[in-house]
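Asker:
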Amino acid sequence: MVRRIERSVQELYRDDPERADALAFGRRGALKGAALAAMGGAVGAAIPFGGSMPQGTLPALFSRPAAAQSGGPALLDLPGKGPLILQGERPLNAETPETLLDEPVTSARNMFIRNNGGVPDAAADPRAWKLVVEGEVNQRLELTVGELEARFPVITRQLQLECGGNGRAFYQPQARGNQWGNGAISNGEWTGVRLRDVLNAAGLKSSAVATGHYGADPHLSNEPGRPAIARGMRIAKAMEEDTLLAFRLNGAAIPQLHGAPLRLVTPGWPGSLSQKWLTRIWVRDKPHDGPGMGGTSYRVPVRPIVPGSSNNGRDFADLESMPVRAILSSHAHGARLPAGTRALDLRGAAWAGDLTVRAVHVSVDFGASWTAMQVADPANRHAWQRWTGRVALPSDGYYEVWYRATDSEGRMQPHAPPNWNPQGYGGNPISRAAILVG
Ligand SMILES: Nc1nc2c(c(=O)[nH]1)N[C@H]1C(S)=C(S)[C@@H](COP(=O)(O)O)O[C@H]1N2
Ligand SMILES: [Mo]
504 MVRRIERSVQ
514 ELYRDDPERA
524 DALAFGRRGA
534 LKGAALAAMG
544 GAVGAAIPFG
554 GSMPQGTLPA
564 LFSRPAAAQS
574 GGPALLDLPG
584 KGPLILQGER
594 PLNAETPETL
604 LDEPVTSARN
614 MFIRNNGGVP
624 DAAADPRAWK
634 LVVEGEVNQR
644 LELTVGELEA
654 RFPVITRQLQ
664 LECGGNGRAF
674 YQPQARGNQW
684 GNGAISNGEW
694 TGVRLRDVLN
704 AAGLKSSAVA
714 TGHYGADPHL
724 SNEPGRPAIA
734 RGMRIAKAME
744 EDTLLAFRLN
754 GAAIPQLHGA
764 PLRLVTPGWP
774 GSLSQKWLTR
784 IWVRDKPHDG
794 PGMGGTSYRV
804 PVRPIVPGSS
814 NNGRDFADLE
824 SMPVRAILSS
834 HAHGARLPAG
844 TRALDLRGAA
854 WAGDLTVRAV
864 HVSVDFGASW
874 TAMQVADPAN
884 RHAWQRWTGR
894 VALPSDGYYE
904 VWYRATDSEG
914 RMQPHAPPNW
924 NPQGYGGNPI
934 SRAAILVG
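Residue numbering for the sequence shown follows our numbering, beginning at 504 and increasing consecutively.
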């Protein structure tokens with residue numbers, strides 16, 4: 504009997520998770536007796552805290568592919584880059600597994616890759632690369648990278664760069680686009696000049712309300728002059744002290760894939776505002792309208808819409824500061840630890856767009872109790888924050904490490920990704936990593 508349920512639960516979780524859930528939890532909504540044993544059979548171990556497993560939530564082991572599993576995701580194999588999770592080859596997109604984000608400063612090797620078009624050829628003379636600043640300015644400027652560096656104060660900052668669609672994979676029904684988990688984030692150390700200093704040198708007219716950004720990457724159609732993406736932001740963000748025109752990453756030249764020789768870094772806001780291979784800033788007298796603006800692009804509903812409904816973006820607003828999120832970098836989802844392991848020393852990072860992170864909590868008993876982790880201050884504003892902490896385990900078995908950050912305004916990561924939208928922006932649910940001991 505138990506064996507029959509066991510097999511069916513495991514298969515059902517794969518084929519029909521809702522029925523599996525109903526079968527395992529029954530009418531009382533709690534996992535016990537034969538059903539608990541069956542669930543243990545399905546996850547491959549006893550479940551010490553099985554009594555508090557929530558109904559209606561797919562066990563983490565079945566809900567997220569583990570990189571370690573056979574049939575797991577394809578990995579990137581490219582000189583200079585780590586084994587990132589391949590999301591697509593044309594355009595080239597790859598996500599960083601959380602365990603590769605264990606470095607306090609993200610190496611170029613481990614940075615996620617997000618392209619909307621092609622990757623342009625490397626500039627023959629990077630110092631001679633030109634940036635044009637025009638539009639609602641008193642004086643149009645044309646500056647080389649060499650001139651930018653010579654003329655304006657050069658600063659270095661650790662800055663979070665997170666794709667607006669990070670966490671998209673958690674939306675149900677599925678949202679359109681790369682199915683990022685939590686790994687479309689980096690915290691590199693960028694060197695450059697402030698966009699604000701350059702805009703001030705050009706002189707903003709009183710009509711200047713927004714920017715529009717252009718880069719040298721070709722559109723996938725190869726149509727000359729057609730931008731792959733050209734987004735823009737409110738002038739206030741452009742004038743913030745951490746918004747950089749960057750020409751170095753981690754003390755070295757920026758790799759070609761990451762926007763050499765000049766890119767914007769607009770920390771805390773959707774990564775699409777960090778234009779790579781930057782050639783032109785167009786200062787606008789109205790919100791920018793390039794590809795990637797308007798409709799449902801990088802925009803979220805002002806009032807919640809029915810999940811899965813089609814909507815052309817009426818009553819949507821641009822996603823600006825990114826929501827709070829934590830990653831776990833010390834243990835891979837699906838990891839197996841030796842029998843007898845009685846504590847987990849956990850590490851990770853957390854960030855919250857323009858805000859900071861006040862707390863990170865971890866639960867290993869399906870949310871019945873939470874342990875506060877130690878959260879370090881950011882290296883500077885807009886850098887992520889590292890967290891560490893220890894949780895005890897009562898015995899061998901199947902655990903889920905649930906990790907959840909709280910921002911400086913008290914907002915926590917929710918249980919389910921909030922505010923469903925067609926392109927899946929802002930999905931920051933509590934994360935769950937399956938860990939097997941013994
Ligand atoms: N020119 C250009 N800049 C771009 C993009 C692009 O396709 N073209 N993609 C943007 C998006 S959507 C993101 S999330 C970041 C990713 O930066 P990375 O590839 O260096 O990690 O670059 C942004 N800048
Ligand atoms: Mo992005």
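C-beta: ideal position from N, C-alpha, C; glycine also.
State yes or no: is the C-beta of Ala-852 within less than 8 angstroms of the C-beta of Ile-830?
Answerer: Their beta carbons are under 8 angstroms apart, which means Ala-852 touches Ile-830 by this criterion.
Asker: Tell me Ser-934's beta-bridge partners as DSSP assigns them.
Answerer: Answer by DSSP bridge pairing, in chain order: Tyr-906.
Asker: With a Cβ-Cβ cutoff of 8 angstroms, do Ala-705 and Gln-778 count as a contact?
Answerer: Against a cut-off of 8 angstroms, the Cβ pair of Gln-778 and Ala-705 comes out as no contact.
Asker: Can you grab the Cα-Cα spacing for the pair Leu-896 / Thr-844, in whole Å?
Answerer: Approximately 7 angstroms, taken between the alpha carbons.
Asker: Does the beta-carbon of Lys-779, which I'm using as the reference point, lie nearer than 7 angstroms to any heavy atom of ligand 1?
Answerer: The answer is yes for Lys-779.
Asker: Taking the beta carbon of Met-504 as the centre, do at least 16 other beta carbons fall within 10 Å, making it buried, or is it exposed?
Answerer: Low local confidence applies: a pLDDT of 42 at Met-504 is under 50, so the model's placement there is unreliable, and no value is given.
Asker: Using DSSP with H/G/I as helix, E/B as strand and the rest coil, what is Asn-690?
Answerer: Here Asn-690 sits in strand by DSSP.
Asker: Any heavy atom of ligand 2 closer than 7 angstroms to the Cβ of Pro-917?
Answerer: No, the Cβ of Pro-917 stays beyond 7 angstroms of every heavy atom of ligand 2.
Asker: Is it buried or exposed for Ser-800, if we count other Cβ within 10 angstroms and need 16 for buried?
Answerer: By the neighbour-count rule (16 or more Cβ atoms within 10 Å), Ser-800 is buried.
Asker: Under 8 angstroms, with one C-beta from each stretch per pair, do the segment 802-818 and the segment 577-584 reach the 3-pair mark?
Answerer: No, because fewer than three Cβ pairs between the segment 802-818 and the segment 577-584 fall closer than 8 angstroms, the two stretches do not touch.
Asker: Would His-918 be called buried (16 or more neighbouring beta carbons within 10 Å of its own) or exposed?
Answerer: Under this definition His-918 is an exposed residue.
Asker: In or out: Lys-740 buried (at least 16 other Cβ within 10 Å) or exposed?
Answerer: Counting Cβ neighbours within 10 Å, Lys-740 comes out buried, since at least 16 surround it.
Asker: Under 8 angstroms: do the segment 746-755 and the segment 789-799 share three or more Cβ pairs, one atom per stretch?
Answerer: No, because fewer than three Cβ pairs between the segment 746-755 and the segment 789-799 fall closer than 8 angstroms, the two stretches do not touch.
Asker: By the DSSP assignment, the beta strand (DSSP E) with Phe-750 in it spans what residues?
Answerer: First-last of the beta strand (DSSP E) with Phe-750: 747-752.
Asker: Using the Cα positions of Leu-515 and Gly-559, report the straight-line distance between them to the nearest angstrom.
Answerer: About 14 angstroms.
Asker: Would you say the beta carbon of Phe-615 comes nearer than 7 angstroms to a heavy atom of ligand 4?
Answerer: Although ligand 4 was asked about, the structure shown includes only ligand 1 and ligand 2 as ligands.
Asker: Should Ala-871 and Phe-552 be called a contact, given that it needs their Cβ atoms to be closer than 8 angstroms?
Answerer: Contact flag set, yes.
Asker: Please give the ranges of any alpha helix (DSSP H) in the segment 618-695, keeping only runs that are unbroken, at least 4 residues long and fully inside the region.
Answerer: Listed in chain order, they are 648-654.
Asker: Would you kindly check if the distance between the Cβ of Ala-597 and the Cβ of Leu-604 is under 8 angstroms?
Answerer: The answer is no: Cβ separation not under 8 angstroms.
Asker: Taking only the alpha-carbon atoms, compute the straight-line gap between Pro-932 and Glu-601 and give it to the nearest angstrom.
Answerer: Spanning the two alpha carbons is a distance of roughly 15 angstroms.
Asker: Span of the beta strand (DSSP E) holding Leu-539?
Answerer: Premise fails: Leu-539 lies in the alpha helix (DSSP H), 536-546, not in any beta strand (DSSP E).
Asker: Let me confirm a value: Glu-726 is counted as buried when at least 16 other C-beta atoms fall within 10 Å, else exposed. Which label applies?
Answerer: Result: exposed.
Asker: Assuming Phe-819 contacts Pro-841 under a Cβ cut-off of 8 angstroms, what Cβ separation, rounded to an integer in Å, is found between them?
Answerer: No, Phe-819 and Pro-841 are not in contact; Cβ-Cβ is about 50 angstroms, not under 8 angstroms.
Asker: Name the residue from Ala-537, Gly-684, Ala-540 whose alpha carbon lies nearest to the alpha carbon of Pro-576.
Answerer: Per the Cα distances, Gly-684.
Asker: Determine the direct distance from the alpha carbon of Ala-527 to that of Ala-749, and round the result to whole angstroms.
Answerer: The straight-line gap from Cα to Cα measures roughly 53 angstroms.
Asker: Select from Leu-858, Leu-702, Ala-627 the residue whose C-alpha is nearest the C-alpha of Ser-911.
Answerer: Among Leu-858, Leu-702, Ala-627, the Cα nearest to that of Ser-911 is on Leu-858.
Asker: On the three-state DSSP scale, how would you describe Ser-911?
Answerer: It is coil, neither helix nor strand.
Asker: According to DSSP, is Ser-710 helix, strand or coil?
Answerer: Reduced to three states, the DSSP call for Ser-710 is coil.
Asker: Within the 8 angstroms Cβ cut-off, does Leu-840 reach chain B?
Answerer: Of the chains in the structure shown, none is chain B; there is only one protein chain.
Asker: Would you tell me roughly how many angstroms separate the C-alpha atoms of Asp-899 and Met-556, rounded to the nearest one?
Answerer: For Asp-899 and Met-556, the distance between alpha carbons rounds to 17 angstroms.
Asker: Comparing the CB of Ser-800 with every heavy atom of ligand 2, is any distance shorter than 7 angstroms?
Answerer: False, no ligand heavy atom lies under 7 angstroms from that Cβ.
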